[in-house]
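Same order as they appear, the protein sequences are chains W and R.
For the first sequence, position 21 (counting from the first letter as 1) is numbered 21 according to my numbering, and the numbering increases by one without interruption.
For the second sequence, position 110 (counting from the first letter as 1) is numbered 1110 according to my numbering, and the numbering increases by one without interruption.
Here is the structure we will look at.
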Amino acid sequence: MTIDTAETADEQQHGMTDAGYIRIAIILAAITGLEVSTYYVDFGVLFLPALLIMMVIKFVMVVSYFMHLKFDNKMFSFMFYAGLVLAVGVYAAFLATFKFFIQ
Amino acid sequence: MTDIAHGHASSTGISNVKLGMWAFLGSECLLFGGLISTYMLYRGRVTGGPRPSQIFDIPFTSVSSFVLLMSSLTMVLAVSAAHKDDDRKTNLWLTVTALLGATFVGGQVYEFTAFYKEGLGFSTSLFGSSFYTLTGFHGVHVTVGIIMLMSLVGILKRGSVPGKKAEVVEMIGLYWHFVDIVWIIIFTLVYLIPV
């Protein structure tokens, strides 16, 4: 009962319980296993998109749940994603100048 | 006033310390974005020395990646314990996180040594330079994280944490998770996608 109350209070404050974090970690481990399997199994044309999608899913899950961005003030999300979007934009343009995407 | 002095709240109602940490992490995206895109540009430039496919040990790096990923779980459990004022569990999970991080760095040192013995020095090729710079910078970040974790364990044991204890643990947790998400990108783009 005490544990239940503590868990509920924790969930209300941070959006997740310890069991929830463990479930997220299991999903992340499973996705990592799938990523590694692409090295051994031929996924054909799906190889690159599948790897990139799995990478993005893992990234978003860690940021949203482990870093609590999903449950925190939206200002924090803005600060982080502004830097991320700026970085992706600047370096995509940088790579495009070197014709990276058409090689 | 005291809250503001400790960086816990401001006129916006949000923690200054936390806002500063997120701004720092946003700027770190630009640092690693530069290193990753430079590597992507130069990874095929092998005039001498081994090619990536000849030296990368995917099973070994996969285990290292798994270890770092699980350190994110132990870190979030430390933050959770700190919010519950459970000092024993906070110290335990912080120490486990530091040990997992040290295992990862140890693996990276082993990997660098193996690559060097196989003929890939820092100036062997553009691939070597960009690879060592990118993964080396990441390794330094992990090492700094380990130092912060162990310092925090010592400070917690002395009971001399500046400001709100749970917030200090959470800030170091944010840094640690960031190091993990950078590796999520590096593992896919550098190791799993062939040149």
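Each residue gets a CB set at the ideal place from its N, CA and C atoms; glycine is no exception.
* Assuming P1050 (chain R) and G1119 (chain R) form a contact by the criterion Cβ under 8 Å, report the distance between their Cβ atoms to the nearest whole angstrom. => 6 Å
With 9 Å as the limit, tell me which residues of the region 1150–1169 of chain R have their beta carbon closer than that to any beta carbon of chain W; keep them in chain order. none
Worksheet item: Pick from R:M1171, R:S1037, R:F1032 and R:I1186: whose alpha carbon is nearest that of F94 (chain W)?
Response: R:S1037
Q) Helix, strand or coil for G1044 (chain R) per DSSP? A) coil
Notebook entry, point to check: Is it right to say R1158 (chain R) is buried, meaning 16 or more other beta carbons lie within 10 angstroms of its own, or is it exposed?
Noted result: exposed
DSSP three-state label for V1063 (chain R), please. helix
Can you give me the start and stop residues for the alpha helix (DSSP H) that N1196 (chain R) sits inside? Chain R is shown only over 1001 to 1195; residue 1196 (chain R) falls outside these bounds and no answer can be derived.
>> Suppose contacts are defined by Cβ-Cβ distances below 8 Å. Is F1115 (chain R) in contact with Y1042 (chain R) by that definition?
In response: no
Closer than 7 Å between beta carbons: that is the criterion. Which residues of the region 72–83 of chain W meet it against chain R? N73, M75, F76, M79, F80, A82 and G83
* Which chain R residues are close to V88 (chain W), counting only those with a beta carbon under 9 Å from its beta carbon? -> C1029 and G1033
At least one CB of chain R closer than 8 Å to the CB of F101 (chain W): is that the case? no
Let me confirm a value: I53 (chain W) is counted as buried when at least 16 other C-beta atoms fall within 10 Å, else exposed. Which label applies? exposed
Practice item. Output the distance between the C-alpha atoms of L84 (chain W) and T1124 (chain R), rounded to the nearest integer angstrom. Key: 32 Å
Given a limit of 7 Å on CB to CB distance, which residues of the region 1111–1123 of chain R reach chain W? none
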